[in-house]
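**Q**
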Amino acid sequence: MDVSLVYRKNERFVEKAIGEEKVLVPLTDNVADMNKVYNLNEVASFIYDAIDGVKSMADLKSVLLENYEVTEEVALNDIKYFITDMVDKGVLSIKS
Numbered sequence: 001m002d003v004s005l006v007y008r009k010n011e012r013f014v015e016k017a018i019g020e021e022k023v024l025v026p027l028t029d030n031v032a033d034m035n036k037v038y039n040l041n042e043v044a045s046f047i048y049d050a051i052d053g054v055k056s057m058a059d060l061k062s063v064l065l066e067n068y069e070v071t072e073e074v075a076l077n078d079i080k081y082f083i084t085d086m087v088d089k090g091v092l093s094i095k096s
């Protein structure tokens with residue numbers, strides 16, 4: 001996976017905070033599709049918030065390392081896993 005790639009969020013998903021958790025809800029015809037809600041844990045939520053259409057995966061790794069006490073390998077693996085999962089679900093896409 002190319003760490004220089006930049007990702008963007010799909011505007012058809014909205015973020016909602018439920019207590020201390022964040023969920024992503026897809027919109028279909030401006031109506032929430034509650035059958036496809038994605039729960040984000042703390043780290044996934046942090047990564048999602050950091051994705052801004054400007055930062056590359058390498059930049060995201062640096063931001064994660066500044067905020068969590070993990071190794072570079074763990075940070076990069078977490079980011080790769082999260083991005084792959086969210087791309088597969090249509091939440092994120094590669095910025096062209």
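Okay, so the sequence shown: first residue is 1 according to UniProt numbering, each after it adds one.
All C-beta atoms in this analysis are idealised placements derived from N, C-alpha and C, irrespective of residue type, glycine included.
Because the structure is a prediction, the values reported are computed rather than measured.
If we ignore side chains and look at the alpha-carbon of each, how far apart do A17 and N39 end up?
**A** 10 Å
**Q** How should V14 be labelled, buried or exposed, when 16 other C-beta atoms within 10 angstroms of its C-beta is the threshold for buried?
**A** exposed
**Q** Three-state secondary structure (DSSP) at L60?
**A** helix
**Q** Can you tell me which of G53, V54, I79, D52 puts its alpha carbon nearest to the alpha carbon of L64?
**A** I79
**Q** For A75, which of E21, S62, V25 has the nearest alpha-carbon?
**A** S62
**Q** Check the C-beta distance from V6 over to K95 and give it rounded, since I have them as a contact under 8 Å.
**A** 4 Å
**Q** Just curious, the beta strand (DSSP E) that N77 is in, first and last residue?
**A** Careful: N77 lies outside any beta strand (DSSP E), inside the alpha helix (DSSP H) at 72-88.
**Q** Pick out whichever of E69, D2, R8, V23 has its Cα sitting closest to the Cα of S93.
**A** It is R8.
**Q** Using the three-state DSSP reduction, which class does Y48 fall into: helix, strand or coil?
**A** helix
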